[in-house]
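Participant: Take any residue in the sequence shown, note its place counting from 1, add 66, and you have its number in my numbering.
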Amino acid sequence: MIPFCLRSRAFFVPMRVFPAYMIQILPQKRTSHPISKFFRPMFEKRNLKAALGGVISITSLASGMFVLPGDQSIMASSNIQPFDENIVIETKKSIVTIIPENTGVSQEFHMGHPGLDITAKLGAKIYPVKNGVVELMSSTRWDYGRSVVINHGNGMQTRYAHMGKIFVEEGEKVTTDMAIGEVGLTGRTTGPHLHIEVLKSGRAVNPRSYLSLAKVK
Numbered sequence: 067m068i069p070f071c072l073r074s075r076a077f078f079v080p081m082r083v084f085p086a087y088m089i090q091i092l093p094q095k096r097t098s099h100p101i102s103k104f105f106r107p108m109f110e111k112r113n114l115k116a117a118l119g120g121v122i123s124i125t126s127l128a129s130g131m132f133v134l135p136g137d138q139s140i141m142a143s144s145n146i147q148p149f150d151e152n153i154v155i156e157t158k159k160s161i162v163t164i165i166p167e168n169t170g171v172s173q174e175f176h177m178g179h180p181g182l183d184i185t186a187k188l189g190a191k192i193y194p195v196k197n198g199v200v201e202l203m204s205s206t207r208w209d210y211g212r213s214v215v216i217n218h219g220n221g222m223q224t225r226y227a228h229m230g231k232i233f234v235e236e237g238e239k240v241t242t243d244m245a246i247g248e249v250g251l252t253g254r255t256t257g258p259h260l261h262i263e264v265l266k267s268g269r270a271v272n273p274r275s276y277l278s279l280a281k282v283k
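(1) Apart from the five residues on each side of it in sequence, which residues of its chain come closer than 7 Å, Cβ to Cβ, to T206?
(2) Taking its Cβ as the centre, do 16 or more other Cβ atoms sit within 10 Å of S213, making it buried, or is it exposed?
(3) Hey, could you find the ends of the beta strand (DSSP E) I262 is sitting in?
(4) List, from N- to C-terminal side, the beta strand (DSSP E) runs of 3 residues or more that fit wholly inside the region 216 to 252.
(5) Put R212 into one of helix, strand or coil per three-state DSSP.
(6) Pair every Cβ in the region 169 to 177 with every Cβ in the region 219 to 236, then say whether three or more of these pairs are closer than 8 Å.
(7) Assign R269 to one of three DSSP states: helix, strand, or coil.
(8) For T185, write down the residues that DSSP places opposite it in a beta bridge.
(9) Can you give me the Cβ contacts of G170 inside the same chain, cut-off strictly under 6 Å, excluding the 5 residues immediately before and after it?
(10) For S205, which residues does DSSP report across the bridge?
(11) Please list, in chain order, all residues of the same chain as L260 whose beta carbon is under 7 Å from its beta carbon, the five residues on each side excluded.
(12) Taking the beta carbon of T224 as the centre, do at least 16 other beta carbons fall within 10 Å, making it buried, or is it exposed?
(13) Which residue marks the beginning of the beta strand (DSSP E) containing Y193, and which one marks its end?
(14) Select from W208, M203, R269 the residue whose C-alpha is nearest the C-alpha of G247.
(15) Please tell me whether G230 and I216 are closer than 8 Å, where the distance is taken between their beta carbons.
(16) Using the C-alpha atoms, what's the distance from T241 back to P194?
(17) E236: buried (16+ other C-beta within 10 angstroms of its C-beta) or exposed?
(18) Under 8 Å by Cβ, that's how I've got L182 and R274 pegged, so tell me the actual separation to the nearest angstrom.
(19) Taking the DSSP output, what are the residues bridged to G198?
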């Protein structure tokens, strides 16, 4: 027999349908007192002026202060005088290169190549690096091709090789303004260029030391 306190009982509740109501929640609208509405524009205008005044003051202060190297500071002076728009700057004349724009160095001076190869247009005029006397003219199928050796005195000589045409003769005096020949394709070469050598007491030296005197036009 089950005790009375442990007995379970079932109750049946009849179902009922309750009507649904639509509730519309409207946004809360801020209400202001008529007096606050009257004074609000004045306060807003005053705050705007104060904010603008602060920004202008900060901008003026920042623009008037410049920090220089070494932690040095200067204030911009209001007594700035206008300067002349026409500014003249004096410059010194630069050293003009002797190699024209249409030329360039294709091979440098090194062991096994005792000269400097300067590329140039076929037929370009060749001028000596210094005044002198034509000491030797030669024409070979290989090596230098058509070449000219000029003696400048004091143990200095220059050689110009792979020439197309030669305008001078042995024993002829030449100057730096006098064309001695043209750039060609003679001898051992793969393209038009001038092979120039500088010899001091019979020993080849780097021609770049004398490039400020050489001319190829």
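Note that CB positions come from ideal geometry on N, CA and C, so glycine has one too.
Facilitator: Quick answer:
(1) On the sequence shown, residue 206 is found 140 positions in, with the first residue counted as 1. Cβ within range, chain order: G253.
(2) Numbered from 1 along the sequence shown, position 147 holds the residue referred to as residue 213. S213 is buried by the Cβ-count criterion.
(3) Counted from its first residue, the sequence shown places residue 262 at position 196. Per DSSP, I262 belongs to the beta strand (DSSP E) from 259 to 266.
(4) 222 to 232, 247 to 249
(5) Start at 1 with the first residue of the sequence shown, and residue 212 comes out as number 146. It is a strand residue.
(6) no
(7) If you number the sequence shown from 1, residue 269 lands on position 203. R269 falls in the strand class under three-state DSSP.
(8) Within the sequence shown, numbered from 1, the residue matching residue 185 stands at position 119. In the DSSP output, where bridge partners are listed per residue, T185 has G170, H259.
(9) The count along the sequence shown starts at 1 and reaches residue 170 at position 104. Excluding sequence neighbours, G170 sits near T185.
(10) Taking the sequence shown and counting its residues from 1, one reaches residue 205 at position 139. S205 pairs with R212.
(11) What you label residue 260 is simply residue 194 of the sequence shown in a count that begins at 1. I184, A186, I192, Y226, H228, V249, V282, listed in sequence order.
(12) Your numbering for residue 224 matches position 158 in the sequence shown. So T224 ends up on the buried side.
(13) Translated into the one-based positions of the sequence shown, residue 193 becomes position 127. Y193 -> beta strand (DSSP E) spans 191 to 193.
(14) On the sequence shown, position 181 is the one that residue 247 refers to. The shortest Cα separation from G247 among W208, M203, R269 belongs to M203.
(15) Here residue 230 refers to the residue found at position 164 when the sequence shown is read from its first residue. Here residue 216 refers to the residue found at position 150 when the sequence shown is read from its first residue. Cβ distance not < 8 Å, so G230 and I216 don't count as in contact.
(16) Taking the sequence shown and counting its residues from 1, the one referred to as residue 194 is at position 128. Taking the sequence shown and counting its residues from 1, the one referred to as residue 241 is at position 175. Going from the Cα of P194 to the Cα of T241 covers about 7 Å.
(17) Working through the sequence shown from its first residue, we reach residue 236 at position 170. It is exposed - the Cβ of E236 has fewer than 16 other Cβ atoms within 10 Å.
(18) By one-based count along the sequence shown, residue 182 stands at place 116. By one-based count along the sequence shown, residue 274 stands at place 208. Contact flag correct, Cβ pair sits at about 7 Å.
(19) Counting from one through the sequence shown, the residue named residue 198 turns up at place 132. DSSP lists V240 as partners of G198.
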